[in-house]
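All remarks here apply to the structure that follows.
There are 2 protein chains.
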Amino acid sequence: MTTLAPTPHELMIRKMESIFPLSVEEKQAISALPIQLVDIKTNQDIVREGDEPSQCCLILEGFTCMYKVTAEGKRQILSLYVPGDVPDMQSLHLKVIDINIASISPCKLGFIQHKDLRQLCERYPRLTAAFWRETLVHASIFREWLLNNGQRPAYTRIAHLICELRMRLKVVGLAENGTFEMPATQAELADATGITQVHTNRVLQVLRADGLISTVKTQMHVPDWNKLKQAGEFDSLYLHLIKTATA
Amino acid sequence: MTTLAPTPHELMIRKMESIFPLSVEEKQAISALPIQLVDIKTNQDIVREGDEPSQCCLILEGFTCMYKVTAEGKRQILSLYVPGDVPDMQSLHLKVIDINIASISPCKLGFIQHKDLRQLCERYPRLTAAFWRETLVHASIFREWLLNNGQRPAYTRIAHLICELRMRLKVVGLAENGTFEMPATQAELADATGITQVHTNRVLQVLRADGLISTVKTQMHVPDWNKLKQAGEFDSLYLHLIKTATA
DNA sequence: CGACCGATTGACGACCATCAAAGGTAGTGG
DNA sequence: CCACTACCTTTGATGGTCGTCAATCGGTCG
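First to last, the sequence lines map onto chains A and B. Heads up: the first sequence at position 213 corresponds to 213 in UniProt numbering, and the numbers run straight through without jumps. Heads up: the second sequence at position 53 corresponds to 53 in UniProt numbering, and the numbers run straight through without jumps.
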């Protein structure tokens, strides 16, 4: 596993290979994709409800979130996105965006034109399946969150979310030795899990007291993966990783 | 709008056309799909976590639900499926199923072999986009449920769910005059919205008292669509219907 | 008629929300 | 180098929405 910062194309391929086996030829085709690099600051909207973008956004560095707000102004974070993810892949087939995507840390983004992606899919039909599969895996994550937020108590819920992040970061090489960057604030964790910021703070304190996590600034450390997995009732089946990626 | 019971292929086409425009040729191709009809009773599992099916399931009559259960045995219903839906379309690209699908009323199902769907997609690449789009719309529904269950109070939450069902049934011609079949029990509504069965019962009583809904056995009637929409903060954008379908 | 399933009601309590304020920490600018 | 500011974290007090437990009612079907 490379520990040096990968190039945008390497990162994209590494992520895709965690859920779909790619041939050498397909990887070369992906490597030829034009990608436009952009840096953004924390708390910047990348895509907004109602937009009709002509490009997709690949996360290269930093975290972003997808969210929606109710009429009363309550925000639900629907998913967190980490390097290697393409949070708005759906815009390839859903013209009008129905969600918002924003950075929750400084980010480096890579924009890929829809037309380039479509062309790639035409020439390499297996890549159509790969991208489709990626959107299906994200749908599966939404479902797991629905279960998590709907049926599990706050403690388990937050433990589960941390497990998911560790797992998703690990497949792109960003969670070695149980340590990873986790720039989300407690308010953001709260909006993601559907509990209040105050209660999130209290639950995190208990998780720390129980020795399941420890934090230094935005670094999160998981000393005992099995214990945390158990506390969060975490089973990674829903991430649909292929075996080589989890090994 | 036809009121006679449509054939399986007519129903499938009607549903697909609500989110994707089909050419005459494409409709003919869909009409040629082999579909195996099966009748099942209430509360029967159709697909189970861990299965690796070689076919997809088209709902022809009745309601089904997708669900998951926590380690503590709490069930979260992740989505309700109505005639015209293919709840396990994802199995085309995610080999191992990570959810359960069960009937919540007597159902007539139509099974379509994966190989037939793949062949169809190869011959008609636009249909690939259509099916992909269908899975994206369902992902969008999961997201809206996440917002609904996470951030809205029980009253709004249930109103929203009823709005969604009315809308989705309407596009397949099953909700005329604000009346439709709604066979879900209160326990099932509870598991779908993440509140308890007892509280669901109380909220339904208030909704009835407020004149937003009335029920006779499994028939649900919505006397004032705009009032219910407002109570449920319902905006159908997330269903990504094309205009002709909503008119 | 009895069994079963779903709807309804009552009493009670807990988990978590709400409101408010105080500590910490990092970044900015004088 | 030290205010000053902004943001995040932490703490305390209070209460409400909703969960839990348990029982009854009502309709359906064999």
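Where a beta carbon is used, it is the ideal one built from N, C-alpha and C, also for glycine.
Using a CB distance cut-off of 8 Å, A:Ser140 counts as an interface residue toward chain B. Residue environment analysis places B:Asp88 among the buried positions, since at least 16 neighbouring C-beta atoms fall within 10 angstroms of its C-beta. Between A:Val47 and A:Ile101, the beta carbon gap of about 4 Å places them in contact (Cβ cut-off 8 Å).
Here the stretch 187-203 of chain A does not lie against the stretch 214-232 of chain A, with fewer than 3 beta-carbon pairs under 8 Å apart. Listed along the chain, the chain A residues whose CB falls inside 9 Å of the CB of B:Tyr238 are Lys68, Asp98, Ile99. When secondary structure is reduced to three states using DSSP, B:Gly73 falls in the coil class, being assigned neither helix nor strand. Sequence-distant partners of A:Val172 (beyond 5 residues in either direction) whose C-beta falls short of 6 Å from its own C-beta, in its chain, are Arg14, Lys15, Pro83, Gly84. Relative to the Cα of A:Gln119, the nearest Cα in the group A:Ile59, A:Ala139, A:Ile30, A:Ile77 belongs to A:Ile30. Residues of the same chain with a CB within less than 8 Å of the CB of A:Lys115, apart from the 5 flanking positions on each side, are Ser54 in chain order. DSSP, reduced to helix, strand and coil, places A:Ile99 outside both helices and strands of the structure shown, so it counts as coil. A distance of 8 Å or more separates the beta carbons of B:Cys163 and B:Phe111. With three or more CB-CB distances shorter than 8 Å, the stretch 142-160 of chain A counts as touching the stretch 148-160 of chain B. Contiguous alpha helix (DSSP H) elements confined to the stretch 9-88 of chain B occur at 24-31, taking only those with 4 or more residues. DSSP places B:Phe131 in the helix class (H, G or I) of the three-state scheme.
Neighbours of B:Gln151 in chain A, taken as residues at a C-beta separation under 9 Å, are given in chain order as Lys68, Val69, Thr70, Glu72, Lys74, Arg75, Gln76, Asp191, Gly194.
For A:Ser91, the three-state secondary structure derived from DSSP is helix.
Distance from the CA atom of B:Gln90 to the CA atom of A:Ala139, rounded to whole angstroms, is 9 Å. Taking 8 Å as the threshold, the shortest C-beta distance from B:Arg126 to chain A does not fall below it. At a cut-off of 8 Å, the C-beta of B:Thr7 has no neighbouring C-beta in chain A. Straight through space, the alpha carbons of A:Glu122 and B:Pro34 are spaced by roughly 27 Å. With a 10 Å radius around the Cβ and a threshold of 16 neighbouring Cβ atoms, A:Ala5 comes out exposed. With respect to chain A, the C-beta atom of B:Gln55 has no partner C-beta closer than 8 Å. Against B:Thr135, the close residues of chain A are Trp132, Thr135, Leu136, Ala139, in the order they occur along the chain (beta-carbon pairs closer than 8 Å). A straight-line Cα-Cα distance of about 10 Å links B:Thr179 and B:Ile213. Taking all protein chains shown into account, B:Gly232 has 16 or more neighbouring C-beta atoms within 10 Å of its C-beta and is therefore buried. The three-state reading of DSSP puts B:Lys227 in helix, counting H, G and I together.
Taking all protein chains in view, the Cβ of A:Pro8 is crowded by 16 or more other Cβ atoms within 10 Å, so the residue is classified as buried. Flagged as an interface residue toward chain B: A:Glu233, by a C-beta distance shorter than 8 Å.
DSSP places B:Thr196 in the coil class of the three-state scheme, outside both helix and strand.
Within the UniProt domain "HTH crp-type" (152-226) of chain A, the runs of beta strand (DSSP E) at least 3 residues long that lie entirely inside it are, in chain order, 179-181, 214-216, 219-221. Secondary structure of A:Gly150 (DSSP, three-state): helix. Cβ proximity to chain A below 9 Å picks out Glu49, Gly50 from the stretch 23-54 of chain B.
For the C-beta of B:Trp225, not a single chain A residue is nearer than 9 Å; the gap to the nearest is close to 17 Å. Using a Cβ-Cβ cut-off of 8 Å, A:His93 counts as an interface residue toward chain B, since at least one Cβ of chain B sits closer than that to its own.
Collapsing the DSSP output to three states places B:Phe142 in a helix. Put simply, of A:Leu11, A:Lys41, A:Val38 the residue whose alpha carbon is nearest the alpha carbon of A:Lys27 is A:Leu11.
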